[in-house]
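Comments concern the structure below.
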Amino acid sequence: METLKIIDHIWWEKKEEFLLAEDQDSFWVIYLLIEGDCQFRIGDTSGIASSPSILICPPNIVFERKVLTPLSFHFFRLDLIGPHSYLHLQSGLHEITKERLVLNEDILRQYVYDLSAYSFFIRTHLVQDFLLFNSFSYRKPIQSLTQPMIHNPRVLEILYYLDTHYQEDLSIADLSKKYSFNASYLSRLFKKETGYTPKEYLLNVRLKNVQQLLVSTNLPIEEIAELTGFKHGYYLSKYFKKIFGISPNNFRNKHVL
Numbered sequence: 001m002e003t004l005k006i007i008d009h010i011w012w013e014k015k016e017e018f019l020l021a022e023d024q025d026s027f028w029v030i031y032l033l034i035e036g037d038c039q040f041r042i043g044d045t046s047g048i049a050s051s052p053s054i055l056i057c058p059p060n061i062v063f064e065r066k067v068l069t070p071l072s073f074h075f076f077r078l079d080l081i082g083p084h085s086y087l088h089l090q091s092g093l094h095e096i097t098k099e100r101l102v103l104n105e106d107i108l109r110q111y112v113y114d115l116s117a118y119s120f121f122i123r124t125h126l127v128q129d130f131l132l133f134n135s136f137s138y139r140k141p142i143q144s145l146t147q148p149m150i151h152n153p154r155v156l157e158i159l160y161y162l163d164t165h166y167q168e169d170l171s172i173a174d175l176s177k178k179y180s181f182n183a184s185y186l187s188r189l190f191k192k193e194t195g196y197t198p199k200e201y202l203l204n205v206r207l208k209n210v211q212q213l214l215v216s217t218n219l220p221i222e223e224i225a226e227l228t229g230f231k232h233g234y235y236l237s238k239y240f241k242k243i244f245g246i247s248p249n250n251f252r253n254k255h256v257l
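Reading the sequence shown from the start, the letters are residues 1 to 257 in the UniProt record's numbering.
Set out below in structure tokens:
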């Protein structure tokens, strides 16, 4: 059985045009269309893709595309190792039911840019689920893919606060004071419930938003740093390269679409 490896997963929202009219990749490329329409040609296959649907382009095949109505979609770059028979991958356009899309896409959206092993497991399973049959027939996702339950209501409050205030200059001392916790106890409790320390979680949230701004805007690094809670572009670049192994500018250039 082959291994499906997700190389890249990018979420594009209401994209009005492609910067490149055509592209060619060394990996499998998949567009999971959520909203909008586009004209396409993949090798000898051409047509109009309307959401919800999936476009599949094999490695080293020219992929031409043009937005017809603003396009919201998941972009995947995949590597398949071993025989591919059970996935039945065929290039071109494949329709998908709205019911199946709703069940799986909500989960996918939660884990865009998430670097945890749990995230890669979930996304790999869901992509395999979408690709498992040529018919793309309905299958209910397994129950174990739901997000781990967080029981402590105070931790949920802190999660929401970090998700919505990541742009601000936050510290453990600030959180401890705001939620009336001892700093060390707060860190232990938060990690027990989420698997991350508050500092690690905040960094992940900031870096997710950095990635989204890098691929969806032309803003300079310094401005992105200001919008995402980093004091300077230098610190943004330092943490970005440490976590992703690539500089922000190279990441942006890699994801021109």
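Quick reminder that beta carbons are idealized off the backbone N, C-alpha and C, glycines included.
Computed from a predicted structure; not experimentally measured.
Just confirm the distance between the C-beta atoms of residue i and residue j, as a whole number of angstroms; I'd bet it's less than 8 Å.
i           : j           : result
residue 219 : residue 213 : 6 Å
residue 171 : residue 186 : Not confirmed; about 11 Å, so no contact.
residue 131 : residue 89  : 6 Å
residue 98  : residue 52  : 6 Å
residue 46  : residue 37  : The pair is not a contact, with the Cβ atoms about 14 Å apart (cut-off 8 Å).
residue 162 : residue 227 : Going by Cβ atoms, the distance from residue 162 to residue 227 rounds to 16 Å, so no, they are not a contact pair.
residue 42  : residue 61  : 6 Å
residue 126 : residue 107 : 6 Å
residue 193 : residue 179 : Between residue 179 and residue 193 the Cβ distance is about 13 Å, and since that is not below 8 Å, they are no contact.
Using three-state DSSP, classify residue i as helix, strand or coil.
i           : result
residue 135 : For residue 135, the pLDDT reaches just 41, beneath the cut-off of 50, and the residue's location in the model is therefore unreliable, leaving the point undetermined.
residue 17  : coil
residue 67  : strand
residue 140 : Caution is warranted here: a pLDDT of 38 is assigned to residue 140, below 50, making its placement in the model unreliable, and no coordinate value can be reported.
residue 115 : coil
residue 10  : strand
residue 85  : Legend: pLDDT at residue 85 = 49, less than 50; position of this residue unreliable, value from coordinates given subsequently. Three-state DSSP puts residue 85 in a helix.
residue 34  : strand
residue 129 : helix
residue 150 : coil
residue 122 : helix
residue 254 : helix
residue 238 : helix
Please name the residue, chosen from the options, that lies closest to residue i on a Cα-to-Cα basis.
i           : options               : result
residue 28  : 79, 160, 18 and 72    : 79
residue 93  : 179, 106 and 32       : 32
residue 129 : 205, 228 and 54       : 54
residue 59  : 197, 77 and 104       : 77
residue 111 : 240, 12, 123 and 43   : 123
residue 174 : 18, 198 and 191       : 198
residue 153 : 63, 190 and 119       : 190
residue 69  : 35, 95 and 61         : 35
residue 204 : 188, 230, 107 and 180 : 230
residue 253 : 63, 4, 19 and 165     : 19
residue 215 : 223, 178 and 255      : 255
residue 44  : 119, 158, 64 and 72   : 64
Which partner residues does residue i have in the DSSP bridge list?
i           : result
residue 29  : 57 and 77
residue 92  : 56
residue 5   : 79
residue 107 : The partner list for residue 107 (beta bridge, DSSP) is empty, contrary to what the question assumes.
residue 72  : 35
residue 99  : None; residue 99 has no bridge partner.
residue 23  : 63
residue 40  : 47 and 65
Grab the span of the alpha helix (DSSP H) containing residue i for me, first residue to last.
i           : result
residue 227 : 221–227
residue 164 : 153–165
residue 215 : 198–216
residue 184 : 183–194
residue 174 : 172–179
residue 246 : Counting along the chain, residue 246 falls outside any alpha helix (DSSP H), and DSSP gives it neither H nor E.
Taking the beta strand (DSSP E) that residue i falls in, what are its first and last residues?
i          : result
residue 46 : 45–50
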